[in-house]
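Chains as they are written, first to last, in my numbering: chain A, 245 to 525; chain B, 7 to 448; chain C, 82 to 374.
Here you go:
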């Protein structure tokens, strides 16, 4: 730890930088604060200027409404958890697998295939909806959670990101293992994956938040209300010509908790990095 | 060995997947429920699904419960879709892919037409036991598509200017029964207090004044080109612009849109004395918990750009056009439900501002339930006038979305001062003509 | 260690990318091919009549003023990407130092990325509100009498969207940089420090080049993501006022799901694809100059 890079030294310096960063952080979480405070306000207070960050008469009514009644958020919550969790595991694993192939094995047509991958990432998702739902209906997964989970497992971004990380792991590491007779599978599982924990955790966090917040796929591919996810559930707060912002924000604040948990767990791995793995020592 | 490690990964993954789908019972039960429904339908009970845009708690749920109690053999379930682009897309996808949609409500003529063209809505002329024209009156005509009914218009839809009666009284202004755009502008000036506004508009009926003109005069001229350069369109642009810039009696449009101005709240809190809106206002204005109010609301028809009252048509007529899915296996049952709904089953919807259109329904009772115990806080005479007694001919908006959008994009630029009046009008005309060229049927 | 074994190991490359390739084939390539076909039809969603129209859609697009305007707006939107990368890098480096409350700060800076989009849009609309919003209140306070109208005027709206987007992307860039910084060898830095490198030099000469593969990743994916996104615009301005914030992806979306004009939407989206392809190709070729693996 003594060797950890240091640009900031001395307690006063550390304190100063911490304070500056904290001040800026408040700007970053303003919508979050507003979300919580709106969930505790009455409708007339939503649009008040100057903005009321702390509600004058906090009420829990909206939170109660979200969790009770026939449209309780419990089902949406479980559905979202299921989809985001399976999707995240699948996506991280499959991306790591493919990224290893692209970054560390020299096979024929590798670069051309990778270019094809990248180009697929560039296709705007809107035009894929129609063919996708024709396909899903044919395959019988339309209006089931699989129509979100299966495509969710394939993220080109993940492959690209992990490829970049794998590329920067020194070649000597695998070279020596190779000479000892280890094949690619063993190198992948025993050497590269442990080394790539920060990158894997990062991808997992980002992928989870994508799946968790995915609104459009869920909208098009899920019809049955019992299958709805949280982003679809939020639509219940859109009334005929107005929006129940208080209820919506109460639901949205509840919806953010799993992501905070995933982030809290994930960030431990991100920071572990090479200092723990002793490979470089 | 190596292969096994690889396999192990997938097995673990599959296991996790299995466990997860197992524990979230909601999903699998949902699918099982669907199967049950089909099994049950063969044994006598018919299950219908009706898709509508009104939140269930604003009436529909009560309607369904009432029907289901009396008809154990035909159970209707209400599915709510949000009546915006995405919600309509969802409904259309469900219809196209043959999901269980037996009945659906269309909220605009252009949506309905789209669905009729695609063969999604059943032609109701095969049902001869219900005369839509006779029940709903002459205004139903506007909902005929190629001369036929593909749905039943069920509500009286009214659009009006809601007025703060107390503010009007204080300024010695009468509640108008027929007024011109200029008179409205004068009212706004007189009622304006300090920095406040005198007149605000919900964005839904915002363009109604020009649609009123064009519905009467035609969106195209005799030679088939755009009629968006009609003098009254100009007048609307100019006068509204004057209200925003010179009189400052109405909010600049750019500001209204990008701050999602809560117009209903601004009116109900007494901040702004006049609001151009529709019957759905009643739902908020009856809600004293969220919108406390200390004044009486009066109602006026939408002011006309047209000088001559005899030439004026106003937006309104009938709405909530309910169609039966042409692919539904239970069209007969759906039809029975629809008739019941239109002839009075829909009564609980009144609390949300939806009055039944059918002459066989109890309109007085509906009106009572619409006002609830808040009747005293409305000027009932003017309410009756805008809802029932006003005999001004009405129109139903039929403009395609593309044209709505190109118009609003151009007039937004004008109201923001980003382009002048002549450019605005000529751009609107040009883009409309382009649209007409690539979509020749209209 | 014979050649046969080496060859077999090399062929394992296909096994590694196989599963992922299958997904790409099913969920990207096949649907994409289908949508390419749509370019030459007048397919309208819901309308059963589909006709072959040849190059009509392409010609229409080339004459479509709104297409060019959206293209211009897209370019203006892209400005946010490098800015957010630079800021994300700075924040990541600082949060990688020995300062207090690191964990909390990291979480706070990542918040925008996971907060509900509706809340984000709403708060920014309130903040940007020209008359009563706090941003203009502040500007008036420091003596600027005519602060900009932000989202509410055609000239400033795209700029305001850029600010929101930088704010949103920064935490995401930061977190990926943080992961990359963990791989920067501490010895290297220590050695440089012993050689007398100042913090600024350390940052520029050593850390920045070392994370260049990540910067490249963020630049390429950030551009692609930004070109494809429209949620934030849909939630705030819907492309307005006028059409001053209509970017290409939003225009595709409107044509597809508002007007149901699938043929034309497919055409624009393929144009969009070609644009992304060109931008990415330029970056790919350019990377040799500054990305160090």
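Think of the CB as a built atom: it goes at the ideal place given N, C-alpha and C, for glycine as much as any other residue.
The model shown is predicted, which means the values in this text are computed figures rather than measured ones.
Using a C-beta cutoff of 8 Å, does residue i count as contacting chain B?
{"i": "residue 307 (chain C)", "result": "no"}
{"i": "residue 513 (chain A)", "result": "no"}
{"i": "residue 474 (chain A)", "result": "no"}
{"i": "residue 211 (chain C)", "result": "yes"}
{"i": "residue 291 (chain A)", "result": "yes"}
Residue i bridges to which residues according to DSSP?
{"i": "residue 305 (chain B)", "result": "B:168"}
{"i": "residue 440 (chain B)", "result": "In DSSP, residue 440 (chain B) forms no bridge with anything."}
{"i": "residue 133 (chain C)", "result": "C:122"}
{"i": "residue 286 (chain A)", "result": "DSSP lists no partner for residue 286 (chain A)."}
{"i": "residue 207 (chain B)", "result": "B:282"}
{"i": "residue 362 (chain B)", "result": "B:161"}
{"i": "residue 342 (chain C)", "result": "C:125"}
{"i": "residue 324 (chain B)", "result": "B:162"}
Note down, in chain order, every chain C residue with its Cβ under 9 Å from the Cβ of residue i.
{"i": "residue 258 (chain A)", "result": "178, 179, 180 and 181"}
{"i": "residue 392 (chain A)", "result": "In chain order: nothing, as chain C lies at least about 11 Å away."}
Closest Cβ-Cβ distance between residue i and chain C: below 8 Å?
{"i": "residue 416 (chain A)", "result": "no"}
{"i": "residue 14 (chain B)", "result": "Here residue 14 (chain B) scores only 45 on pLDDT, less than 50, and its place in the model should not be relied on; the value that follows carries that caveat. No, because no Cβ of chain C sits closer than 8 Å to the Cβ of residue 14 (chain B)."}
{"i": "residue 248 (chain A)", "result": "Note that residue 248 (chain A) has pLDDT 44, beneath the 50 cutoff, so the model's placement of it is unreliable and the number below is only indicative. Residue 248 (chain A) counts as touching chain C."}
{"i": "residue 263 (chain B)", "result": "yes"}
{"i": "residue 288 (chain A)", "result": "no"}
{"i": "residue 415 (chain B)", "result": "yes"}
{"i": "residue 438 (chain B)", "result": "no"}
{"i": "residue 45 (chain B)", "result": "Interpretation of residue 45 (chain B) is limited by its pLDDT of 41, a score under 50 that renders its predicted location unreliable; no figure is taken from the coordinates."}
{"i": "residue 379 (chain A)", "result": "yes"}
{"i": "residue 32 (chain B)", "result": "In this prediction, residue 32 (chain B) has a pLDDT of 36, which is less than 50 and means its spatial position is unreliable; nothing more can be read from the coordinates."}
{"i": "residue 336 (chain A)", "result": "no"}
Examine chain A for any beta-carbon lying closer than 8 Å to the beta-carbon of residue i, and answer yes or no.
{"i": "residue 126 (chain C)", "result": "yes"}
{"i": "residue 196 (chain C)", "result": "yes"}
{"i": "residue 193 (chain C)", "result": "yes"}
{"i": "residue 105 (chain C)", "result": "yes"}
{"i": "residue 255 (chain C)", "result": "no"}
{"i": "residue 156 (chain B)", "result": "no"}
Which residues in chain A have a C-beta closer than 7 Å to the C-beta of residue i? List them in chain order.
{"i": "residue 294 (chain C)", "result": "408, 411 and 412"}
{"i": "residue 116 (chain C)", "result": "371, 372 and 375"}
Would you mind telling me which residues of chain C sit closer than 8 Å to residue i, beta carbon to beta carbon, in chain order?
{"i": "residue 350 (chain A)", "result": "91 and 94"}
{"i": "residue 444 (chain B)", "result": "141"}
{"i": "residue 196 (chain B)", "result": "The premise fails here: residue 196 (chain B) is roughly 23 Å from chain C at the closest Cβ pair, so nothing lies under 8 Å."}
What residues from chain B crowd round residue i, counting only those whose CB sits closer than 8 Å?
{"i": "residue 386 (chain A)", "result": "103"}
{"i": "residue 101 (chain C)", "result": "Within chain B, no residue comes near residue 101 (chain C); the closest Cβ sits about 13 Å away, beyond 8 Å."}
{"i": "residue 149 (chain C)", "result": "The contacting residues do not exist; residue 149 (chain C) stays about 14 Å from chain B at best."}
Residues of chain C with CB under 7 Å from residue i, in chain order?
{"i": "residue 302 (chain A)", "result": "The premise fails here: residue 302 (chain A) is roughly 18 Å from chain C at the closest Cβ pair, so nothing lies under 7 Å."}
{"i": "residue 398 (chain A)", "result": "101, 104, 105 and 108"}
{"i": "residue 266 (chain B)", "result": "206"}
Measuring only from the beta carbon, is residue i closer than 7 Å to any heavy atom that is part of the ligand SAM?
{"i": "residue 306 (chain A)", "result": "Absence of the ligand SAM from the depicted structure is noted, as is the absence of any ligand whatsoever, leaving it without description."}
Which chain B residues are close to residue i, counting only those with a beta carbon under 7 Å from its beta carbon?
{"i": "residue 463 (chain A)", "result": "92 and 96"}
Would you please verify whether the beta carbon of residue i is less than 8 Å from any beta carbon of chain E?
{"i": "residue 260 (chain B)", "result": "Of the protein chains in this structure, namely A, B and C, none is chain E."}
Pull out every residue of the stretch 129–143 of chain C whose Cβ sits closer than 8 Å to any Cβ of chain A, in chain order. none
Would you list, in chain order, the members of the stretch 77–98 of chain B that have their beta-carbon closer than 8 Å to a beta-carbon of chain A? 85, 86, 88, 89, 90, 92, 93, 95 and 96
Taking a cut of 8 Å between CB atoms, which residues from the stretch 477–508 of chain A lie near chain B? 479, 480, 482, 483, 484, 485 and 486
Which whole runs of the beta strand (DSSP E) in the stretch 104–188 of chain B are 3 residues long or more, in chain order? 109–112, 158–162 and 165–170
What ranges does the alpha helix (DSSP H) occupy inside the stretch 352–407 of chain A, keeping only unbroken runs of at least 4 residues that lie completely in it? 354–365, 370–383 and 390–396
Can you pull out the residues from the stretch 309–335 of chain C whose beta carbon lies closer than 9 Å to at least one beta carbon of chain B? 317, 318, 319, 320, 321, 322, 323, 324, 325, 327, 334 and 335
When you check each C-beta in the stretch 360–371 of chain C against every C-beta of chain A, which residues fall closer than 7 Å? 361
Residues of the stretch 110–139 of chain B whose Cβ lies closer than 8 Å to any Cβ of chain C, in chain order: 120, 121, 123, 124, 125 and 126
If the cut-off is 7 Å on Cβ atoms, which residues from the stretch 418–432 of chain B count as contacting chain C, listed in chain order? 418, 419, 422 and 424
At 4 residues or longer, and completely inside the stretch 44–90 of chain B: list those alpha helix (DSSP H) runs for me, N to C. 66–76
Taking a cut of 7 Å between CB atoms, which residues from the stretch 386–417 of chain B lie near chain C? 407, 408 and 415
Using a Cβ-Cβ cut-off of less than 9 Å, list which residues of the stretch 315–333 of chain A approach chain C; keep chain order. none
Could you run through the stretch 432–454 of chain A and flag, in chain order, every residue whose CB is less than 8 Å away from some CB of chain C? 432, 442, 443, 445, 446, 449, 450 and 453
Using a Cβ-Cβ cut-off of less than 9 Å, list which residues of the stretch 231–265 of chain C approach chain A; keep chain order. 248, 251, 252, 253, 256, 257, 259, 260, 261, 262, 263, 264 and 265
Can you list, in chain order, the stretches of the beta strand (DSSP E) that have 3 or more residues and sit fully within the stretch 240–295 of chain C? none
Please list, in chain order, the residues of the stretch 297–308 of chain B that have any C-beta partner in chain A closer than 9 Å. 297 and 298
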